[in-house]
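Chains A and B, in that order, are what the protein sequence lines are.
Be aware that the first sequence starts at 501, since it is given in this note's numbering, and climbs by one per residue.
Be aware that the second sequence starts at 394, since it is given in this note's numbering, and climbs by one per residue.
Just below is one structure, and these are the notes that go with it.
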Amino acid sequence: MKLLAYLRSLTAKFFHHSEIAEDMNEELASHIQHRADDLERSGLDHAEAERRARIEFGGQEKFKEESYQALGGTFIETFVQDVRFGLRMLRKSPSFTTVAVVTLALAIGANAVVFGVLDALILRSLRVPQSESLYGTVYGADPGFQSYPNYVDLRDRNRSFEDLAAFNFAFVGLDTGNDPTIASGFATTGNYFDVLRIQPYLGRFFGSSDEHGPNSAPYLVLSYAYWHSRFQDDRSVIGRTIQLNKHPYTIIGVAPPDFRGTLLFVSPDFFMPIVNQEQTDAQNSLTNRSNTNSIFEAIGHLKPGVTPAQAVADLDAVSAYLEKAYPQEFAKKSSTLARAGLTSFGDDVRAFVAGLMLLAGLILLAACANLGGLFAARAADRSREVALRLALGSSRQRILRQLLTEAVLIAMAGGAVGLMGSIALLRKMSIWQPFAGAPVHVPVSPDAKIYVVAFVLALMSGLLFGIVPIRQVLRANPYEIVKAGSSGRVGRRITVRDVLLATQIAICAVLVTASLVALRGLARSLQSNFGFEPQNAMLVGTNLRMAGYSGDQVPIMQKRMIEAMGTIPGVEAVGLVNNYPPLVYAAGSRTNIFKEETTDLKPSNVALRPYKYDVSPEYFHAAGTALLAGRDLSWHDDKDAPRVAIVNREFANKMFGSVANAVGRYYKIQDGTRVQVVGVIEDGKYMSLTEDPEPAIFPTFQQSPTSSSNLVVRSNRDPQQLGAAVRSQLRSLDAGLPVDTATWNRQLDVALFPARVATASLGVLGLMGAILSITGVFGMAAYSVSKRLRELGIRIALGGQRREVLQAALGRAFRLLACGSMAGLLLGILASRVLAFIVYQATPRDPLVLTGVVLAMALLGLLATWIPAQRALSVNPLILLREE
Amino acid sequence: MVDQAQILPGTLDLLILKAVSLGPLHGYGVLLRIGQISGSALLIEQGALYPALFRLVRQGLLKASWGTSENNRRAKFYELTTPGRKRLREETEGWNRLATAIGSALAAEPEEI
């Protein structure tokens, strides 16, 4: 009954808003009339009676408002009113609104972007069902690298995983008729798709039942993206036979669109059964237990109730068994589990994104401090309006509600703009392929979560900076303000606004420090010595298996290719390296090396595990690597000659004590062969720019031929022309051979990618911090100048010097800037440990960085106070004093 | 003006219900009636009456309709609804209990303890 009445009153109010107001007016008027009639009867004249009646009644508007509230449902009503009023107020000061919205849009946008990345990379790295129980296995320092027989034992002997699948990379020449091109994909175990619990988009997946020993399953599953780009969404490809490295394979299915393999950042073109990789790669990968390159990662769902810790113990037990059973081929390493997809990048990526999130949060905090200051200043400017409203009977609660509504309105607008920007950016990022030719992408896809996050952030920050002026409003004394005007006092004491500004500047200084540290780190890693000269070097990638070469044909053809390159005009030197040269695709592999005198070649007796690159004579000349001692490899070091190799300085020092000692000495490889060191070269970088000096050996490629190789062609010619010449030369040798040409510098981009991304993101955040501190200081300085214009005018009129006027006008802003910057710098230095996670050799104690930060902050301060200072100096005391 | 008491919070509604229970009244009439039945001992701010009236209408305790007053002016008349009558009865009982209790408490003499 009550509820019904309430609802009726509510709806009545909603639909008959003006009627109710009229009704109320009429009723109150009638009341006053009746009272006036009474008073008139008691002897007052008509006009006086009406006046008295109105006075006796009290504040009509106030009671009307209260009556209106008594009707119920005023919350929405008031809210709509507040919003309308707020919009009107904001429209009246467009510059304030714009500054506030843009500031927040930047801050919330930055947070949304970082959150989008965080969400994509860490919260749901793989788009597969129940990914939370999906784990990848990690052995020792090398994430997941295992041999196929080890994987099979692991799969069959563990008691923790429901099933264990594994995959490896596969780079092949894919020929649909007469167009061999290089495609990269995953070679997977048969149970791969079953373990991942995904369904094909088209056709079918291969399964365990398709595996019947080596090369028994010539089936191919395409990724959706590759099907789209290479086969133009042609549904009839299912059942078609194509050539992989000249072997026939049948396309049996297409993977769903959102499935991009099980490794972050990498999107494979296709999936082929790992049992067939022997055919395409010509490696005896299925039976060789010591070949730890045949499985990249094993993944599986943990059984219900099994914790990761229990699973690790289980894996260690299997390792212990394997070590006992195969002491020659298996070295036990401690196992760990990692979130599937992140195993090989895991901690670095996570730390980096977490660090970014932290910095983005700081940006938002700084923006809130900035806007809080702006709102406080605005509230001070509006104190007369607020005082009038208070005097007219408005409640303080109502005024605060109004101010908060305004703040939240701004926050929402800023949030909306920021969100739109960040979604556009994330969309761009998701289709961005940083490296042509490499299947690398950043798998972000903004979804509903990001909207929620942006909304919550906007709401929170709106409330946060909205409550800053509350104390000010609550303390306001309407009578004082209306009487004295809004000029107010300029206090010497520290206000909330000062604290806010100093905090904000400190935060911004931290951000500026971080970005400078990152820049410096990048510069340093670019300047470091790679151990080769990437400038003017072209890499020509080929895989002779893709054109059907095998056995002895391979080195013969490779030698012909080297000779063909040498005939191109302008080419200074040509060398060949098996697989990839250093720092390209992080593709180096290590090998076990024993001392010459070691006879029991078991894993625990390994002397060193250097990187191994099989190279041709002249390779070092082509690569620009200095020979420190001994001789280069020669064409006479062929497969019939004694085994020889060149080693780097680090290897020579560790193995033989010194460079001079190394030449002529021997080491042993896994199969017991003695290899003589004939030369020593300088150290270099092999896997990443941030690594410590690593040992490396360079045996001659003629003694271990591999079909996949890169030619290094050194020439001053324009890379475009050179590339064309190289391709036409190779085409005349064999038209069916897919060729990949790129400058070495371009390929280095991959190695530099993390550092570049880190620097770019920190740089952007630092820039945003700088912008925020400029707007903050500018707002504060401009405000204080405008407040004290009269005082400044008097100072000038009394003969104050420019310096003194500036001191009075901006001294405070500068002091705050100095305090804030110092605090920020100190914090930045303290945060160096956090930064070290993100950037290479992050040390903010670097004098260059320190001076950089101080200079940058001073410059920002100068920039931000320039306009207010001009205004203060151009004060014309005459006009000013007359106006007041 | 005689010495007037500020009314206790929450009693205005009860007074209005009582006043209206004696016959339909317009707002100003409610004010006069309360003055009359309380012997002009209670002070009610004129405007403050209306939020209370609106609240009682919203709660369904009063109903309102426009009519013509004794002065021949248009006025909105309030009368008690059935729930209003019930509420008045309950509140009156409650008030009486409270008044008796407080009265006897305040009348207590040292020898009674």
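Every residue, glycine too, gets a C-beta built ideally from N, C-alpha and C.
Consider the Cβ of SER1273(A): report whether some Cβ of chain D lies at a distance smaller than 8 Å.
Although the question refers to chain D, the structure presented lacks it and instead comprises the protein chains A and B.
Exposed unless 16 or more other CB atoms sit within 10 angstroms - verdict on PHE563(A)
Under this definition PHE563(A) is a buried residue.
Beta-bridge partners of THR741(A), as assigned by DSSP
DSSP output for THR741(A) lists THR750(A) as bridge partner(s).
Chain B contacts made by the segment 532-551 of chain A, where a contact means CB separation under 9 Å
Residues passing the 9 Å Cβ filter: ILE532, GLN533, HIS534, ARG535, ASP537 and ASP538.
Looking at the structure shown, is ASP537(A) part of a helix, part of a strand, or coil, going by DSSP?
The three-state secondary structure of ASP537(A), taken from DSSP, is helix.
So ALA825(A) and ILE1007(A) are in contact, right, with Cβ under 8 Å, and what is the actual spacing, rounded?
That pair is no contact at about 58 Å.
Counting only Cβ pairs nearer than 8 Å, list the residues of chain B close to GLN560(A).
Contact annotation for GLN560(A) against chain B: GLY440 [CB-CB distance below 8 Å, chain order].
Using a Cβ distance threshold of 8 Å, determine whether the segment 1276-1293 of chain A contacts the segment 1313-1324 of chain A, with at least three qualifying pairs required.
With the cut-off at 8 Å, the segment 1276-1293 of chain A and the segment 1313-1324 of chain A touch.
Closest Cα partner of ALA1309(A) within the set ALA1260(A), TRP1366(A), SER1025(A) and LEU904(A)
Nearest option by C-alpha distance: TRP1366(A).
Among ASN678(A), LEU888(A), LYS1112(A) and ALA1372(A), which residue has its Cα nearest to the Cα of GLN743(A)?
Here the closest residue by C-alpha is ASN678(A).
Within 8 Å (strictly less), CB to CB, does SER433(B) reach chain A?
Residue-level contact check: SER433(B) does not touch chain A, since none of the beta carbons of chain A fall below 8 Å from its beta carbon.
Measure the Cβ-Cβ separation of VAL1124(A) and GLU1033(A) and say whether it is below 8 Å.
Correcting the residue identity first, residue 1124(A) is Gly in this sequence and not Val. Cβ atoms of GLY1124(A) and GLU1033(A): closer than 8 Å.
Closer than 6 Å by C-beta to THR1243(A): which residues in its own chain qualify, once you throw out the five before and the five after it? Chain order, please.
The beta carbon of THR1243(A) sits closer than 6 Å to those of MET1038 and PRO1219, all from its chain and outside the five residues before and after it, given in chain order.
Rounded to a whole number of angstroms, what is the C-alpha to C-alpha distance between ILE622(A) and GLY761(A)?
Each residue's alpha carbon lies about 16 Å from the other.
Going by alpha carbons, who is nearest to PRO804(A) out of SER1228(A), ARG1290(A) and PHE661(A)?
The option with the nearest alpha carbon to PRO804(A) is PHE661(A).
Given 8 Å as the limit, is there contact between the segment 677-697 of chain A and the segment 655-669 of chain A, that is, 3 or more CB pairs closer than that?
Per the Cβ contact rule, the segment 677-697 of chain A is in contact with the segment 655-669 of chain A (3 or more Cβ pairs under 8 Å).
In whole angstroms, what separates the C-alpha of THR807(A) from that of SER1134(A)?
Distance from the CA of THR807(A) to the CA of SER1134(A), rounded to the nearest whole angstrom, comes to 56 Å.
8 Å Cβ shell around ILE899(A) - same chain, five flanking residues per side excluded:
So the qualifying residues of the chain are VAL886, ARG889, LEU890 and VAL973.
Please determine whether the Cβ atom of LEU744(A) lies at a distance below 7 Å from any heavy atom of the ligand PLP.
As for the ligand PLP, it is missing from this structure, which has no ligand bound.
Check whether the Cβ atoms of VAL638(A) and SER790(A) sit closer than 8 Å, and answer yes or no.
Pairing VAL638(A) with SER790(A) gives a Cβ-Cβ distance that is not under 8 Å.
Evaluate GLN452(B) with the Cβ neighbour count: other Cβ atoms within 10 Å of its Cβ, from every protein chain shown; 16 or more gives buried, anything less gives exposed.
That one is buried.
C-alpha gap between LEU1248(A) and LEU1022(A), whole angstroms:
Take the alpha-carbon of LEU1248(A) and the one of LEU1022(A): they are about 14 Å apart.
Pull out every residue of the segment 463-478 of chain B whose Cβ sits closer than 8 Å to any Cβ of chain A, in chain order.
Look at the segment 463-478 of chain B: the residues with a C-beta under 8 Å from a C-beta of chain A are ASN464, ARG466, ARG467, ALA468, LYS469 and PRO476.
Would you mind telling me which residues of chain B sit closer than 9 Å to LEU528(A), beta carbon to beta carbon, in chain order?
Ordered by position in chain B, the residues that pass the 9 Å Cβ test against LEU528(A) are GLY420, GLY440 and TYR443.
Excluding the 5 residues flanking TRP459(B) on each side, which residues of the same chain have their C-beta closer than 8 Å to its C-beta?
If the five residues before and after TRP459(B) are omitted, its C-beta is found closer than 8 Å to the C-beta atoms of ARG467, ALA468, LYS469 and PHE470, all from its own chain and listed in chain order.
Between which residues of its own chain and SER716(A) is the CB-CB distance below 7 Å, once the five residues before and five after are set aside?
The beta carbon of SER716(A) is closer than 7 Å to those of VAL775 in its chain, skipping five residues each way along the sequence.
Contacting residues, own chain, Cβ-Cβ under 7 Å from ASP1346(A) (five flanking each side not counted)
Around ASP1346(A): ARG1020.
Just reading off the beta strand (DSSP E) that TYR826(A) is part of, what are its end residues?
In the DSSP assignment, TYR826(A) falls outside any beta strand (DSSP E) and carries neither an H nor an E.
So is PHE557(A) in contact with chain B if we call contact Cβ pairs under 8 Å?
It does; some Cβ of chain B falls within 8 Å.
Exposed or buried, VAL1285(A), counting other C-beta atoms within 10 Å across all chains shown (16 or more means buried)?
With 16 or more Cβ atoms within 10 Å of its Cβ, VAL1285(A) is classed as buried.
List, in chain order, every chain A residue whose beta-carbon is nearer than 9 Å to that of ARG426(B).
The contacting residues do not exist; ARG426(B) stays about 13 Å from chain A at best.
In chain order, what residues of the same chain lie with their CB nearer than 6 Å to the CB of VAL1010(A), ignoring the 5 residues before and after it?
Same-chain partners within the cutoff: GLY1324, LEU1327 and GLY1328.
Please list, in chain order, all residues of the same chain as SER1215(A) whose beta carbon is under 8 Å from its beta carbon, the five residues on each side excluded.
So the list reads ASN1036, MET1038, ILE1068, GLY1070, VAL1071, GLU1072 and LEU1222, once near-sequence residues are dropped.
Considering only DSSP beta bridges, list what SER684(A) is partnered with.
Answer by DSSP bridge pairing, in chain order: PHE671(A).
CB contact check: ARG448(B) to chain A, cutoff 8 Å:
At least one beta carbon of chain A lies nearer than 8 Å to the beta carbon of ARG448(B).
Alpha-carbon to alpha-carbon, MET920(A) and ASP733(A):
Rounded to whole angstroms, the separation of the alpha carbons of MET920(A) and ASP733(A) is 31 Å.
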